[in-house]
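Residue numbers (the UniProt record's numbering): 1 to 1105.
Below is one structure, written out as structure tokens; comments come after it.
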Amino acid sequence: MSAKAIREFDGKRILSTNLPAFQLEKRFAQIAVSKTFAEQSREDFFASIEAVNPWLTTLGETKLVVKPDQLIKRRGKANLLLLNSSWEQVQDWVWERINKPIQVETVSGILTHFIVEPFVKHSGPDEHYVCIVSNRDGEEILFHHEGGVDVGDVDAKAKRLQVGIEAIATEEEVTAGLLSSVEEARKPILAKFLVSMLAKFRELHFVYMEINPIVLVGDQISVLDMAAKLDETANFLVGDQWGPLEFPPAFGRAKFPEEEFIQDLDSKTGASLKLTILNHSGRIWTMVAGGGASVVYADTIADLGFGQELANYGEYSGAPSETHTYYYAKTILDLMTRNFDERGKVLIIGGGIANFTDVALTFKGIIRAIHEYQQKLKDNKVHIWVRRGGPNCQEGLTVMREVGEATGVPIEVFGPETHITAVVPMALGLVEKPTAVAVQPTAAAPGKSSSNKAAASEEGSAVNSDNDDTDGVSGDEEAKALAKKPVPVVIQDEGIVRMNDKTRCIVYGLQQRAVQGMLDFDYLCKRKTPSVAALIFPFSPNHYLKFYWGTSERLIPVFQKLSDAVKKFPDVSVLINFSSFRSVYQSTMEGFEHSATLKTHAIIAEGVPEQQSRLIAKKARELNVGLIGPATVGGIKPGCLRIGNTGGMLDNIVQSKLYRPGSVAYVSKSGGMSNELNNIVSQTTDGVYEGVAIGGDKYPGSTFIQHLLRYEANPEVKMMVLLGEVGGTDEFAVCRAIQSGAIKKPVVAWCIGTCAKIFPFEVQFGHAGACATGESETASAKNAALAAAGAIVPENFDQFGNAIRKQFESMVASGAIVPRPEVPVPKVPMDYAWAKNLGLIRKPANFISSISDDRGEELRYAGTPISKVFEEDMGVGGVIGLLWFKRRLPPYAAKFIEMVLMVTADHGPAVSGAHNTIVTARAGKDLISSLISGLVTIGPRFGGALDKAAEMFATAHDSGMSAADFVVDMRKQNKLIMGIGHRIKSLSNPDKRVTIIKEYAQANFPGTDVLNFALEVEQVTTKKRSNLILNVDGCIAVCFVDLLRNCGVFTLEEANEQIADGCLNGLFVLGRSIGFIGHFLDQKRLKQPLYRHPWDDISYLNEEF
């Protein structure tokens, strides 16, 4: 939901900070329950409030006002207001109520937040009412000269001034339009304030702001009571100006821990995870994929008379990972198995036909949770019903069926051949499970179907006063009034929304998967040329990308600038914009610069700030450009064009017969549900002619009526389908068009969200625009109005397919429709990656790797998840054990490896490797080049003695010869004993590095046989010369041999093989790289110039030599 209510404290803070010219009161304090509240005494609690708000202790004669700050309406009439009181009295009043339950009208909740501010002395005539509300065309200001608790029905009484998008209201216009009943002396300052208030309303992305009363005493304006909503999606634009704030839940609806957990999970993924707990002890639980689908499942449960037993509402969508779906499913299963119900419980794992989400992959997480909770599920007599469609759904459904058989948990599984909500009446025991594969939509249970009348609501209209006791006009009356307004002019004619077999597109964004899907659809429909002419990617220079066209390949250019692409391809008329919500406004405006050719824009991103959405729509109207979106999957015209991922995978395209046109055109809010409409229409009629998902945001660029009027004018379209939803009033324009005769073709319509009437509080459904802010915006009111206007409206969504079928069959019988002939199903080669994923093909791999795996939920080292590496503090030594040896080494072994890295890290700047690194760095080369120059010097004469020393000492020890014999044997072969000898160190002046390594090994290793043998050799060699000691290379080598042989994770053969493979040299290279990098950084820090060796240090030999 984009429009989020904020606390009065935050609203006043933002307003007073941003309107400094009016010197609004800035002294207001928030009293809130903290996590440590239960441990605090009264004195400590209020002392902490005073510490943050020292003005409370220096009031003098000033009195205070205190009230709860939890989105509670009509606080004055609920006796939740203390006026004209001292700070001590405020403390008494708050302490009696804080953190305690209270009932306000029909809602119970706990008071946790209060706002305290100075009391403003004034009289009745000083109180006025003002409210600003955003709408599609701009902002509407409502003003009434008599404000306060008894303001009454402001919808009927207030004066109104509509200010268009980008229009600037003047003080003269405000005075004339709103202030005619205000005293003359008050008009100038009120007009100035209202103009400034509107400017800040827009600048700070408010969508609703009500002040009742706004008080004017002399020339000082005071904001007494305030309610406001912000556009949460604009946080990236003006979050700094908002400052720290929270979006509190409705009073009486504090978030449960499980809801907070899912919300936190949602914030950490690009997918969508939502959960609202309705009834902890409810018997019917849902786990639904897709925003629109989640609503229709809840609708169907409510319409069948089981709304009071619905335990939760929520959805997961946007291709969540296996881990995220596991935690989401685990949360649901944990909640539903806490309370036993003798009748058993029902879990509906439902969803629409996905566009791009791998169903089998998301099912893996759910299956993990079912395995984990299998006993609890059986103990609670849980019966699971599954219905899903989309990419890889058959594998997912098969595995889900097998899980039921393996665990003993009853699981019924259905695929896309079954109507989306057909499993609901089966799960509720209203109809028998069919024996046939296909499941048709079922009739509602007798006496339990919903009527088409608008449900009653206790909420007022969008602009009702916070202190208003009147109910305003009824929903039916509002619906009738809205249905009588004139039909708007349509701009979305066939010349603007261009979707034919010659339409060409530019795709903004590097969306290779979507482009390949569009090209596959083109090939399937036997288009002569690909529908995608070019891609735009501003972050790289112009280049080409390769795509499949059937079995052949084609290159499609990628441009850095849209202008270059338009110039290159003047025939392109559609821009499909995949820019993110942060940049889509700029890229769309860039597209509008080419409105002469780019006549249709599809904006895929959701979460676009409402102001930007409205500006885009306004600019499009001015330029006569068609818009689909924002927050849409796009649209599809079978046989001609698909926009982006519309229609899903190719198997769904074929199953829904989208490769050839039918007689039915549809328009939908929900992109996910558009796939279901494709499925429903293909099963009940001769197929889809065209379908558009206008987008789920509050202000889509085009409306239902604009597309329906296009379909009305197209003789190829014989009947139309409308799928609306709760929130907004666009459906009423369709009612007016039907009543006026502008639409004569049959319209089968349904608005999802009828379940809202069963919720005791406001629930935000899957889309930003799916929230009723007035009775006329409810789904029930819209369905009633559509039925009254003459549309075909079924009893519930479960009957939607039947209604379409009956209308189609009646038109076929009357001759109005001649069913389109079937054509041979075209073939498109399956993508290799997808076929391999399905297990249909195989090929030998070019590379084999056994040490790490980055394909799953998290990186694994030798099978060990990276998270476990850190949880168990394995360290660098442990990681080397996993990646080099594929073994989990004991802690002392991991520490030994780290010690080796430390002692080999550096040996001064004079050694060959460090010298080379320094010279290269001083030549101006980069770090990697300098490091390489040092590493290439490592060999037999520098640092390469470890492997050879290990081999010599281990072989000698294993042969059984004595130390003396080994020395004699090496002398006979004229070989140096690697690892023996040091330039200056001796037994009496030992190398500290050797001492550290040797003593650690002797103290911690289970055995040190090879080290002991090397020390015996040292006793022999030092008799010849004192510096022929076991050096650091030799000590590391023999100790490492002992480590591998005795740590318990290698056999003798495996240990010898590891040494032979060069792991010891690897340790030296890895350790010494630390020092080489240090030398590089040191030279850069010292800014040393190019090195040139002095002549006097070079012996120049003459030619005679």
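For every residue, glycine included, the Cβ atom is placed at its ideal position computed from N, Cα and C.
Predicted model only: the values in this text are computed from it and were never measured.
What residues in its chain sit with their C-beta under 7 Å from that of residue i, if we drop five residues either side in the sequence?
i: Ser123; result: none
i: Gly769; result: At Gly769 the pLDDT is 47, less than 50, meaning the model places this residue with poor confidence and gives no usable figure here.
i: Phe236; result: Arg582
i: Val654; result: Val825
Cα separation between residue i and residue j?
i: Phe1076; j: Arg941; result: 18 Å
i: Glu259; j: Gly282; result: 16 Å
i: Ala921; j: Leu927; result: 7 Å
i: Tyr313; j: Ser930; result: 60 Å
i: Glu146; j: Tyr129; result: 7 Å
i: Glu410; j: Ile370; result: Note on residue identity: the sequence assigns Pro, not Glu, to residue 410. If you take the alpha carbons of Pro410 and Ile370, they lie about 11 Å apart.
i: Gly138; j: Val403; result: 54 Å
i: Ala833; j: Glu857; result: 19 Å
i: Val439; j: Ala803; result: Reliability fails at Val439, whose pLDDT of 39 lies under 50, so the model's placement of it is uncertain and no value is given.
i: Glu203; j: Glu184; result: 30 Å
i: Lys35; j: Ile14; result: 26 Å
i: Ala78; j: Ile214; result: 21 Å
i: Thr685; j: Val717; result: 12 Å
i: Gln40; j: Ala47; result: 10 Å
i: Ala443; j: Val823; result: Because the pLDDT at Ala443 is just 37, under 50, the model does not fix this residue reliably, and the point stays unresolved.
i: Val584; j: Val903; result: 55 Å
i: Gly164; j: Pro661; result: 41 Å
i: Lys925; j: Leu935; result: 15 Å
i: Val566; j: Leu535; result: 11 Å
Quick one: grab the DSSP three-state call for residue i.
i: Ala271; result: coil
i: Ser929; result: helix
i: Thr995; result: helix
i: Thr904; result: coil
i: Asp1033; result: helix
i: His280; result: coil
i: Lys157; result: helix
i: Ile758; result: helix
i: Leu347; result: strand
i: Val359; result: helix
i: Tyr1000; result: helix
i: Arg710; result: helix
In the DSSP assignment, what residue or residues form a beta bridge with residue i?
i: Pro68; result: Phe114
i: Met720; result: Ala665 and Val747
i: Leu535; result: Val507 and Val558
i: Gly389; result: Ile353
i: Asp853; result: Arg860
i: Gly109; result: Ile102
i: Gly691; result: Ile636 and Tyr666
i: Ser85; result: Leu64
Residues in its own chain within less than 8 Å of residue i by CB, not counting five upstream and five downstream?
i: Asp991; result: His982, Lys985, Ile1029, Asn1031 and Val1032
i: Gly591; result: Tyr508, Leu562, Leu575, Asn577, Leu598 and His601
i: Gly415; result: Arg387, Arg388, Gly389, Cys393, Gln394 and Leu397
Nearest by alpha-carbon distance to residue i: which of the options is it?
i: Val223; options: Gly138, Ile370, Glu127 and Thr418; result: Glu127
i: Ile938; options: Thr269, Val911 and Phe953; result: Val911
i: Gly270; options: His324, Gly11, Lys568 and Lys827; result: His324
i: Asp651; options: Leu627, Asn392, Lys567 and Ala665; result: Asn392
i: Phe340; options: Asn380, Ala360 and Leu347; result: Asn380
i: Lys895; options: Tyr1000, Phe847 and Lys972; result: Tyr1000
i: Ile551; options: Asp831, Asp264 and Ala949; result: Looking at the sequence shown, residue 551 is not Ile but Thr. Comparing Cα-Cα distances from Thr551 to each of Asp831, Asp264 and Ala949, the minimum goes to Asp831.
i: Arg74; options: Cys640, Ala227, Leu1044 and Asn1056; result: Ala227
i: Ala862; options: Glu872, Ala845 and Leu883; result: Leu883
i: Phe119; options: Phe143, Val94, Gly109 and Leu81; result: Leu81
What residues in its chain sit with their C-beta under 6 Å from that of residue i, if we drop five residues either side in the sequence?
i: Gly350; result: Val288, Tyr297 and Arg387
i: Cys755; result: Ala298, Asp299 and Ala302
For the ligand GDP, is there any heavy atom lying closer than 8 Å to the beta carbon of residue i?
i: Asp1096; result: With respect to the ligand GDP, the structure shown offers nothing to examine, as it has no ligands at all.
9 Å is my cut-off, CB to CB: does residue i come that close to chain D?
i: Tyr548; result: Looking at the structure shown, chain D is missing, and only one protein chain is on hand.
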